[in-house]
Amino acid sequence: MEEKEIIPLFLRDKYELRPLPSGFYSRPAILVAKELLGKYFYSEKNFTLGRIVETEAYPGDDTVNRGVRGKTEKNSSLFQSPGYCYVYNIYYKNICFNISVEREGIPSAVLIRAIEPLEGIDILFNNRKQKKLKNLTNGPSKFCQAFGITILDNGKRLTDTCFRIFEGKEDDFEIINTSRIGVKEINPQPYRFYIKGNL
């Protein structure tokens with residue numbers, strides 16, 4: 006199924022949604038992480054849409070990359086060709102959603118940390134059991150829970166799931182880069198990116 010067939014026409018027109026350029030994910034993690042900001046994340050599972058406002062880059066040689074010590078059964082999705090989902094649990098229950106980038110065999114990935122909800126907000130609230138808009142999708146696990154991402158999506162090509170990322174209507178924004186959450190003491194590289202004023 007092509008990307009243009011998965012999304013309702015009214016959403017496509019309202020936000021001027023269109024597929025990402027060919028080869029978008031076949032680039033270094035830092036570049037992809039920056040350029041995912043402002044892109045649109047859509048779930049066909051519950052017809053919800055949001056704008057990506059925060060990401061983190063994990064290059065293949067990064068000391069805190071989950072694949073830096075080699076390929077295992079749990080991290081094998083990291084080593085797939087660009088555009089595959091790498092979904093994993095933290096603290097036994099929280100889900101994080103990453104996309105493999107660069108090239109096959111290199112465990113580079115981008116973590117989506119936060120989404121600005123745009124459409125289907127009532128559904129997102131119901132999925133999260135949350136009543137405050139500010140806390141709805143402002144974290145990697147919150148975003149996954151709201152949009153229905155599960156561990157079963159791990160290892161799938163993004164275009165083979167019910168999720169899509171689109172280009173669309175663009176606003177001017179300033180990108181802030183800083184150290185990543187939870188690994189600052191281990192590796193303080195400024196590989197976290199977010200849209201100023203959106204957190």
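For the sequence shown, counting from 1, position 84 maps to 89 in my numbering; every step adds exactly one.
No residue lacks a Cβ here, since even glycine has one placed at the ideal position from N, Cα and C.
Per DSSP, the continuous alpha helix (DSSP H) segment holding ASN132 begins and ends at 126-133.
By the neighbour-count criterion, in which 16 or more other beta carbons inside 10 Å mark a residue as buried, PHE15 falls on the exposed side. The Cβ atoms of THR142 and ALA119 sit closer than 9 Å to each other. By the neighbour-count definition (other C-beta atoms within 10 Å, threshold 16), PRO26 is an exposed residue.
Restricting attention to VAL188, ASN103, ASN70 and GLU40, the CA atom closest to the CA of LEU163 is found in ASN103.
ASN192 and THR68 have their C-alpha atoms spaced approximately 7 Å apart. Taking 9 Å as the cut-off, the Cβ atoms of CYS90 and GLY144 do not count as close.
Membership of GLU59 in the beta strand (DSSP E) is indicated by the continuous run 53-63. Secondary structure at ARG118: strand, using DSSP grouped into helix, strand and coil.
Checking the DSSP bridge columns, you'll see ARG23 partnered with GLU172. Taking a 10 Å sphere around the C-beta of THR77, we find fewer than 16 other C-beta atoms and assign the residue as exposed. For the beta strand (DSSP E) assignment, the uninterrupted runs of no fewer than 3 residues enclosed by the region 57-104 are, from N- to C-terminal side, 90-95. In the displayed model, SER31 falls within coil according to three-state DSSP, outside both helix and strand.
Look at ASN140 here: in three-state DSSP terms it is helix. Judged by DSSP in its simplified three-state form, PHE152 adopts helix.
LYS174 has its alpha-carbon roughly 13 Å from the corresponding atom of ILE57. About 6 Å separates the beta carbons of THR53 and LEU129, which is inside the 8 Å limit, making them a contact pair.
Listed in chain order, the non-local C-beta contacts of GLN150 below 8 Å within the same chain comprise ILE100, ASN132 and ARG133, local neighbours out to five positions each way being set aside. With a 10 Å radius around the Cβ and a threshold of 16 neighbouring Cβ atoms, ASP158 comes out buried.
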